[in-house]
Each structure stands twice: as C-alpha cells, then as structure tokens.
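Below is one structure, written out as structure tokens; comments come after it.
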Amino acid sequence: MDWVRDFYSTTGRWWGPAEARITDQDRRRVALLHGYAGDRPQRVLELGAGYGATAAATAQAGHDVTAVEISDRADLADRFAGDTAPGSLTVRKEDFYAVRPPGRFDVVCYWNGFGIGTDADQRRLLTRIGTEWLRPGGVALVDVFNPFVWARWDGEEEHLTPDPARGYEYDLRQRISFDPVTCTAVDTWWPASEPDRRISQTLRCYSPADLSLLLAGTGLFLAELMVGDRTFTPTARPGLPELLQQHHEYLAVLRPEPIR
1004 MDWVRDFYST TGRWWGPAEA RITDQDRRRV ALLHGYAGDR PQRVLELGAG YGATAAATAQ
1064 AGHDVTAVEI SDRADLADRF AGDTAPGSLT VRKEDFYAVR PPGRFDVVCY WNGFGIGTDA
1124 DQRRLLTRIG TEWLRPGGVA LVDVFNPFVW ARWDGEEEHL TPDPARGYEY DLRQRISFDP
1184 VTCTAVDTWW PASEPDRRIS QTLRCYSPAD LSLLLAGTGL FLAELMVGDR TFTPTARPGL
1244 PELLQQHHEY LAVLRPEPIR
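Going by our numbering, the first residue of the sequence shown is number 1004, and it counts up by one from there.
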C-alpha cells in the first residue's frame, strides 16, 4: 500500500483547486448521517477524509468531527478548521491503520474510498471500527465499490482537458482496468504529455454478499445498504440486482454485533 500517499497527494495537487470546497454531495452525506444516526450533536470519525469538505459540512451541522487523511490532501482540509461552528473539526494527517483517536464515536464514516489494499487490510480496518472506535448503538456508513459496474468499465480510457475557469489546470488521461478473478479495479492517471509518469490506485470491489462474508469476526454486521436513492435490508431486496448494474458504489450501513 506504499502507493496510497503518493497517489492521493499527486491527484490532490491536480484537482484540489477545483474540488476542495463544500458541495451538494457533502450536504447529502450529512443528510444520510442524520437519517441513520439522528441530527443531535454526535462524535463523528471520518476515515479517508480527502480535502475535508464532507467533514467540514458535518461539523457545520453541529457535530464534533475527527477527520483522518494520510495524504497531502489533509493540508487542504485544515483550511476548513476555522469555519465549522457550531461543531468542531480536528484533522489527523495519519494512516488510519495506526491512528489512535481518543474515545469512541457515535458514527464512523468512510465515503468513497473503502477497498484500498487486500481483504486482510479491509478486515483489519473493519475490526478497528467494530471493536475500538464505534460505541454500542452507533453506526458506520461505508461507501463500497460495486464490481458489476467497474467490470463493465474495463479498458475504458478518458481524456480530461484543462478547464481553468473551474480550477482544473492539468491535461490528464485516465484508464480503468478490472481483474474479474480478484474483483479489483486499477484506476490509472497520467499527464497527457508524459505517458511514462503514470500513477494508479487499486480498489477492491465487493458485492453485498462478499461484503457480508468480509464482516465475519469484525464485530460488525450489514444492517442495510443503499443503492442510488433506494434502501434494502439483507432479506428484503426486490429491485436490488437491477440497481447494482447502474451504480459504481453503494452505501453499506454497518451496526455493531449484539453482545451475546
């Protein structure tokens, strides 16, 4: 996983001027948090917080947020720290496999990033969420990459031309490949004029069934999942197969296993 810090730091320099701001997507994520955990003030841990925009929006909604980000994107996240009332935002530029934030949290979020590393890495992170960070009765909200759509994108390439008016200064190319044996997507980027300077992120994708198997022994279980704007339980899923063909990720709602 040595590539993680470099990939997100480099792409953060490319896209940060355009994307390090609070958008409607961040507000929608806060609304999801309120839907699953309530809108009273909460202690929230956000993993892989990127530029910190969602973390800042969550703090502005009245919550006390700890945001963990390993890359230089965390430096942009710090810019939000003075504008988060009535809540608060603490940014930790650390590896979330090693970070030790104090206390337990009402909500743990991992937006658009779960799947970095091996199955063992994911299970180790989920175990930390379930046994170290999440309080009894809390909820974890985790975006999971959906293999059915990423498999369809295998071999696709895109050319992103500069758009300085929107803050995109770089001429970039992207290529996606997908390994159907390991259900792993490789998302590769490079400057259009420098094809030898390629950087990639590797994303493990999980079907809902595979995610449930991954959760065994972590202290968490899959309570619900949301695909698009529809919510399903593991036992009530009419329409789920069709939606899984349309969305590249879904939201897994994880709860602590009941104490027996």
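Every residue, glycine too, gets a C-beta built ideally from N, C-alpha and C.
Self-check item: Coarse secondary structure for T1191, derived from DSSP in three states
Solution: strand
Quiz item: By how many angstroms is the C-alpha of A1123 removed from the C-alpha of Q1177?
Solution: 28 Å
Practice problem: Inspect the beta-carbon positions of P1150 and C1186 and report whether they are closer than 8 Å. | Solution: yes
Quiz item: Could you give the residue range of the alpha helix (DSSP H) that holds Q1296?
Solution: Given a span of 1004 to 1263 for the chain in the structure shown, any question on residue 1296 remains unanswerable.
Exercise. Go ahead and label G1085 buried or exposed: buried means 16 or more other beta carbons lie within 10 angstroms of its beta carbon, across all protein chains shown.
Key: exposed
Quiz item: Straight-line CA distance for C1208 to V1147?
Solution: 7 Å
Quiz item: What's the gap between the Cα of P1139 and the Cα of D1157?
Solution: 41 Å
Exercise. With a 10 Å radius around its C-beta and 16 neighbouring C-beta atoms as the bar for buried, classify W1006 as buried or exposed.
Key: It is exposed - the Cβ of W1006 has fewer than 16 other Cβ atoms within 10 Å.
Quiz item: In chain order, which continuous runs of the beta strand (DSSP E) of length 3 or greater are located wholly inside the region 1085 to 1147?
Solution: 1091 to 1095 and 1108 to 1117
Exercise. For Y1171, name the three-state secondary structure that DSSP assigns.
Key: strand
Practice problem: Could you tell me whether the Cβ atoms of L1223 and A1195 are closer together than 8 Å? | Solution: no
Quiz item: What are the start and end residues of the beta strand (DSSP E) that includes H1037?
Solution: Note, H1037: premise wrong, no beta strand (DSSP E); alpha helix (DSSP H) at D1027 to A1040.
Quiz item: Quick one: is I1262 buried, meaning 16 or more other Cβ sit within 10 Å of its Cβ, or exposed?
Solution: Taking every protein chain shown into account, the CB of I1262 has fewer than 16 other CB atoms within 10 angstroms, so this residue is exposed.
Quiz item: If you run the structure through DSSP and keep just helix, strand and coil, what is A1219?
Solution: coil
Exercise. Examine the Cβ distances between the region 1100 to 1114 and the region 1017 to 1027 and report whether three or more of them are shorter than 8 Å.
Key: Under the three-pair Cβ rule at 8 Å, the region 1100 to 1114 does not count as touching the region 1017 to 1027.
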